[in-house]
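Chains A and B are the protein sequences, given in the same order. Quick note on the working numbering: the first sequence kicks off at 12 and runs consecutively. Quick note on the working numbering: the second sequence kicks off at 3 and runs consecutively. Glycine is no exception: its CB is placed at the ideal position from the N, C-alpha and C atoms.
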Amino acid sequence: MVADLIEETVVQLLRDAVTTLPPDVIEALQYAESCETSEVARSQLRTILDNVDAAGRLSVPVCQDTGVHVFYVTGPVDASIEESICMGVARATEEIPLRPNVVHPLTRENSGTNVAIGLPHVIYYPTGDEFLEITVLPKGAGSENMTSLAMLPPSDGINGIKQFILDTVVEAGGRPCPPTIVGVGIGGTSELAVSMAKEALLRPLGLPNLDPELTILENNLTEAINLTGIGPMGLGGDTTVLGVRICTAYCHTASLPVAVNLQCWAARRATARIYSDGRVRFGRSPFDP
Amino acid sequence: MILEYPLSKNKVQALQLGQIVSVSGTVFIGRDEVHMRALERRHQGKLLPVDLEDGILYHCGPIMTRDSRGWKVIAAGPTTSARMNKLEPDFIKEFGIRAIIGKGGMSRPTVEAMKEHGCVYLAFTGGAAVLAAQKITRVRGVEWLDLGMPEALWIIEADSLGPLTVAIDAHGNSLYDNVEKEVQGNLEAARLRLGL
Ligand code: SF4
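Structure representation (structure tokens):
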């Protein structure tokens, strides 16, 4: 693949991701606003929708925390891709602009470009496809900081999982900018559970889980969490979450890892598929989930 | 109601929980690092580059750009105030600020400090960065830019920045505490819905 094309595509992906929200997220917010019974909650949702509107018109980021960047790359991956992605992130930081968020963990010195050791974080899924597919998930700190992992005793089972998810959302309260989307990773190893919890957020709202049992669980969790009354921004109301997304993997017979990653209302994601002849197709979520 | 800098103790004490307001005039933007450095300076007996007394502090890490005419705000929504929980009671006491704009609320020690010194917490919709930027008419200055753009101390002029909800008043009441109590009461129903 041509390095320049990848870099260019990454800049465009970041521009799409941070200045507009995916249509499924906007629809969910509009629907929530129309259903809310609390006046405070309705005004919060209206402010969010007005803000998204203004961002789109002015082509500026919907939220000032443009996050740190996680990339999912599938296709014929090679060692040069990471460099092109990093160049794209640095350019996007300058051109859009994105907020320079990336600092050294101890000295807190800012790299200024959103690129430094470890970031952007690129996750590869090599395939024999002719095309390269790149998805970006910019993640703000307000919601990322609420991430939680439990290594449950397997005997806790499904009820333990439900309780942990409910507890995590309640504990987070208004801090992750609700209404949130709840990403859940069940099984795997500890780090795989956390990674799945974030990757689960790539599936658009309204698109059911491939496993019908999990779709039911997702819907039940959504309804139950919305009974808590945390509401938009934690100021009370019917809309605490827009949805729950679950990914699973097999795990050790003596383990039951569960991870939760909350995604604020600024649920930004964008995908591009780069074909070998140079064509690029843009979308807002992986094309073949 | 529009609140304007400088704010008096009486003025903020008259504000009621749940009231919708906006702010105009000078606003100081500061978050984690500003709190740390300001308190450090104060404990060393050094002066701050600006006087925060009777001021409005905005928990925000903005995106700014600079051209030949100076700094311009691109996006400036509120950041999570809870990160400042440990430092805020001291900050309120030492610098005499009268209002804090942020998101997510603050913990009991800050609520108590607000009651003791006369300060309120104004909740702004998290992430409403573009709407906020449109209400910021001018960037008057910046200090401590070495802390990085999101962490620097920015001095801005606002025109009806809002809508803001009085979420912690100057009498020890917090809307977040009220909602939390309601949530605790609703947990039983949520658990039942999940068959727990
Ligand atoms: S949690 Fe999301 S919406 Fe809220 S400030 Fe952070 S990035 Fe923006």
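Please report the residue range of the beta strand (DSSP E) in which residue i lies.
i                     : result
residue 108 (chain B) : Per DSSP, residue 108 (chain B) belongs to no beta strand (DSSP E) and is neither H nor E.
residue 146 (chain A) : 143-150
residue 159 (chain B) : 155-170
residue 80 (chain A)  : 79-86
residue 132 (chain A) : 132-137
residue 66 (chain B)  : 65-69
residue 119 (chain A) : Residue 119 (chain A) -> no beta strand (DSSP E), and no H or E assigned at all.
residue 142 (chain B) : 138-145
residue 72 (chain B)  : 72-77
residue 293 (chain A) : 291-294
Could you compute how far the alpha carbon of residue i sits from the alpha carbon of residue j?
i                     : j                     : result
residue 31 (chain B)  : residue 162 (chain B) : 16 Å
residue 77 (chain B)  : residue 98 (chain A)  : 23 Å
residue 186 (chain B) : residue 239 (chain A) : 8 Å
residue 152 (chain B) : residue 32 (chain A)  : 23 Å
residue 165 (chain A) : residue 59 (chain A)  : 40 Å
residue 127 (chain B) : residue 74 (chain A)  : 11 Å
residue 105 (chain B) : residue 125 (chain B) : 5 Å
residue 2 (chain B)   : residue 178 (chain B) : Residue 2 (chain B) cannot be examined here, being either before or after the span of chain B that is shown, 3 to 198.
residue 171 (chain B) : residue 96 (chain B)  : 19 Å
residue 24 (chain B)  : residue 122 (chain A) : 35 Å
residue 132 (chain B) : residue 14 (chain B)  : 27 Å
residue 135 (chain B) : residue 99 (chain B)  : 22 Å
residue 74 (chain B)  : residue 289 (chain A) : 37 Å
residue 207 (chain A) : residue 90 (chain A)  : 24 Å
residue 84 (chain B)  : residue 152 (chain A) : 12 Å
residue 181 (chain A) : residue 287 (chain A) : 47 Å
residue 40 (chain A)  : residue 143 (chain A) : 32 Å
residue 33 (chain B)  : residue 154 (chain B) : 8 Å
residue 242 (chain A) : residue 111 (chain B) : 24 Å
residue 146 (chain B) : residue 51 (chain B)  : 9 Å
Compare the beta carbon distance of residue i and residue j with 8 Å and say whether it is the shorter of the two.
i                     : j                     : result
residue 56 (chain A)  : residue 38 (chain A)  : no
residue 28 (chain A)  : residue 133 (chain A) : no
residue 72 (chain B)  : residue 141 (chain B) : yes
residue 27 (chain B)  : residue 6 (chain B)   : yes
residue 67 (chain A)  : residue 20 (chain A)  : no
residue 116 (chain B) : residue 94 (chain B)  : yes
residue 88 (chain A)  : residue 131 (chain A) : no
residue 181 (chain B) : residue 245 (chain A) : yes
residue 235 (chain A) : residue 177 (chain A) : yes
residue 124 (chain A) : residue 111 (chain A) : yes
residue 120 (chain A) : residue 126 (chain A) : no
residue 11 (chain B)  : residue 174 (chain B) : no
residue 292 (chain A) : residue 284 (chain A) : yes
residue 47 (chain A)  : residue 249 (chain A) : yes
residue 229 (chain A) : residue 220 (chain A) : yes
residue 201 (chain A) : residue 160 (chain A) : yes
residue 14 (chain A)  : residue 247 (chain A) : no
residue 168 (chain B) : residue 21 (chain B)  : yes
residue 192 (chain A) : residue 281 (chain A) : no
Could you spell out where the alpha helix (DSSP H) holding residue i opens and where it closes?
i                     : result
residue 92 (chain A)  : 91-106
residue 178 (chain B) : 177-195
residue 70 (chain A)  : First-last for residue 70 (chain A): undefined, no H or E at that position.
residue 17 (chain A)  : 14-30
residue 86 (chain B)  : It is not in any alpha helix (DSSP H) - residue 86 (chain B) carries neither H nor E in the DSSP assignment.
residue 203 (chain A) : 201-210
residue 46 (chain A)  : 34-46
Can you find at least 3 beta carbon pairs, one from the region 83-92 of chain A and one from the region 87-104 of chain B, that sit closer than 8 Å? No contact exists between the region 83-92 of chain A and the region 87-104 of chain B.
May I ask you to list, following chain order, the residues of the region 190-210 of chain A that have a beta carbon less than 8 Å from some beta carbon of chain B? Residues of the region 190-210 of chain A with a C-beta less than 8 Å from any C-beta of chain B: none at all.
Quick one: which residues of the region 167-196 of chain B get their C-beta closer than 9 Å to a C-beta of chain A? List them in chain order. Within the region 167-196 of chain B, those residues whose Cβ lies closer than 9 Å to any Cβ of chain A are, in chain order, 167, 169, 177, 178, 180, 181, 182, 184, 185, 186, 187, 188, 189, 191, 192, 193, 194, 195, 196.
Taking three-plus beta-carbon pairs below 8 Å as touching, is the region 261-268 of chain A in contact with the region 180-188 of chain A? No, the region 261-268 of chain A does not touch the region 180-188 of chain A.
Near-chain A residues of the region 109-139 of chain B (beta-carbon distance less than 9 Å), N- to C-terminal order: 125, 126, 127, 128, 129, 130, 131, 132, 133, 134, 135, 136
I want to know whether the region 197-217 of chain A touches the region 250-257 of chain A - three or more CB-CB distances under 8 Å. yes
Under 8 Å: do the region 167-175 of chain A and the region 265-280 of chain A share three or more Cβ pairs, one atom per stretch? yes
Contact residues within the region 253-276 of chain A, judged by C-beta distance below 8 Å to chain E: Protein chains A and B are contained in the structure displayed, whereas chain E is not.
Please list, in chain order, the residues of the region 151-165 of chain B that have any C-beta partner in chain A closer than 9 Å. 151, 152, 153, 165
Against chain B, which members of the region 155-182 of chain A pass a CB distance test of less than 7 Å? 170, 173, 174, 177, 181
Using a Cβ-Cβ cut-off of less than 8 Å, list which residues of the region 69-84 of chain B approach chain A; keep chain order. Residues passing the 8 Å Cβ filter: 76, 77, 78, 79, 81, 82, 84.
At a Cβ cut of 8 Å, what residues of the region 87-106 of chain A count as close to chain B, listed as they run along the chain? none
Return the residues of the region 12-43 of chain B that lie within a Cβ-Cβ distance of less than 7 Å from chain A, sorted by chain order. none
Closer than 8 Å, Cβ to any Cβ of chain B: which residues of the region 212-235 of chain A, in chain order? 231, 232, 234, 235
Under 8 Å (Cβ pairs) to chain B, residues found in the region 40-61 of chain A: 51, 54, 55, 58, 59, 61
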